[in-house]
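Residue numbers (my numbering): 24 to 284.
Below: one structure, written as structure tokens.
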């Protein structure tokens, strides 16, 4: 059983729901990013998503786009992220998922990627723009090394698409709460609950809901029907706001604490 599966099994046994924070790896710099990951683990994150910086993040809104640009300018790449995770693993066993687009992974090499991810302790990889036969190929490569392929579904996904996506997924399903790009919203889309209900027809995997969650009220609302809530843009925005003050980790701790029920 993977670390991700074990964590969700533990949550289910204890009658709890999951908190999955997203941060762009290396933002604002690699050392602070390392401290941020450890702090999120300390605060009770059940899974941590590390965004792989990419020059054309088409699924992301301006907040995460800008964080990706900052880290690319600092020379952060997959090799640097692997080193970051390797350091983190000395201290914590929190499940870690790489959140990436396909291009950086192909450039690195899928076989090499899977081997390296296993060595440093990465538990899952989410590829935002992979479909059908590509997803099956990647899933098979990762599965051989015990790594979960985390897949996205959206309100626009047909039942047939959801069934196909679920069939090559493991770890958990990431349900996008609304059509469009990432970014904090005032309200959680009503389509999110319906999407989770539809997903449960085709998979027993836990379903995490993300895109737009930025307040405790929204997080509690999502956890009423989902197995976990993903918070990304709101956390990345807090990191950006805190960058100049030098109190990034302390400010992030206050913000995350204010989110958790």
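The beta carbon of each residue, even a glycine, is placed where N, CA and C say it ideally should be.
Just so it is clear, the structure is predicted and the values come from calculations on it, not from any experiment.
The alpha helix (DSSP H) enclosing residue i, as first and last residue numbers
i           : result
residue 95  : 85-96
residue 131 : 125-131
residue 278 : 271-282
residue 28  : 26-37
residue 254 : Run containing residue 254: none in the alpha helix (DSSP H); it sits in the beta strand (DSSP E), 251-254.
residue 236 : Note, residue 236: premise wrong, no alpha helix (DSSP H); not H, not E.
residue 99  : Counting along the chain, residue 99 falls outside any alpha helix (DSSP H), and DSSP gives it neither H nor E.
residue 60  : 53-65
residue 165 : 155-167
residue 227 : Neither: residue 227 is in no alpha helix (DSSP H) and is coded neither H nor E.
residue 50  : Where residue 50 is concerned, there is no enclosing alpha helix (DSSP H), given that its DSSP letter is neither H nor E.
Contacts around residue i, its chain only, beta-carbon distance under 8 Å, and the 5 residues preceding and following it disregarded
i           : result
residue 253 : 43, 44, 45, 72, 197, 231, 232, 233, 234, 236
residue 100 : 76, 127
residue 57  : 107, 110, 111
residue 272 : 55, 58, 59, 62
residue 51  : 93, 262, 263, 266, 271
residue 24  : 32
residue 219 : 198, 230, 232, 248, 249
Same chain, Cβ closer than 7 Å to residue i, five either side skipped, listed in chain order
i          : result
residue 28 : 194
residue 78 : 95
Separation of residue j from residue i, as counted between CA atoms
i           : j           : result
residue 189 : residue 182 : 10 Å
residue 209 : residue 241 : Note that residue 209 has pLDDT 49, beneath the 50 cutoff, so the model's placement of it is unreliable and the number below is only indicative. Cα to Cα, residue 209 sits roughly 8 Å from residue 241.
residue 255 : residue 144 : 22 Å
residue 224 : residue 245 : 19 Å
residue 205 : residue 33  : Model confidence at residue 205 stands at a pLDDT of 44, short of 50, so the residue's coordinates are unreliable and nothing is read from them.
residue 122 : residue 163 : 18 Å
residue 280 : residue 155 : 39 Å
residue 85  : residue 265 : 17 Å
residue 215 : residue 174 : 16 Å
residue 282 : residue 68  : 12 Å
residue 257 : residue 238 : 8 Å
residue 26  : residue 213 : 31 Å
residue 30  : residue 133 : 26 Å
residue 269 : residue 114 : 23 Å
residue 203 : residue 135 : Here the model assigns residue 203 a pLDDT of 43, short of 50, so the residue's position is not dependable, and the following value carries that caveat. The straight-line gap from Cα to Cα measures roughly 32 Å.
residue 74  : residue 137 : 17 Å
residue 87  : residue 227 : 30 Å
Anticipated Cβ contact below 8 Å, residue i with residue j, distance rounded
i           : j           : result
residue 149 : residue 117 : Residue 149 to residue 117, Cβ: 16 Å. No contact.
residue 177 : residue 199 : 4 Å
residue 49  : residue 103 : 6 Å
residue 251 : residue 35  : The Cβ separation is near 11 Å, so there is no contact.
Range of the contiguous beta strand (DSSP E) that encloses residue i
i           : result
residue 149 : 147-150
residue 116 : Here residue 116 belongs to no beta strand (DSSP E), and DSSP marks it neither H nor E.
residue 175 : 171-176
residue 199 : 196-199
residue 77  : Per DSSP, residue 77 belongs to no beta strand (DSSP E) and is neither H nor E.
residue 43  : 41-47
Cβ shell of residue i (< 6 Å), same chain only, five flanking positions each side left out
i           : result
residue 140 : 170
residue 243 : 284
residue 131 : 101
residue 158 : 191
residue 229 : 31, 195, 250
Residue i CB to nearest heavy atom of the ligand PLP below 7 Å
i           : result
residue 174 : As presented, the structure is devoid of all ligands, the ligand PLP included, so that no description of it is given.
If we count Cβ pairs, one from each stretch, closer than 8 Å, do we get three or more for the stretch 161-171 versus the stretch 78-98? no
Are the stretch 257-277 and the stretch 52-67 in contact at 8 Å, needing three or more beta carbon pairs? yes
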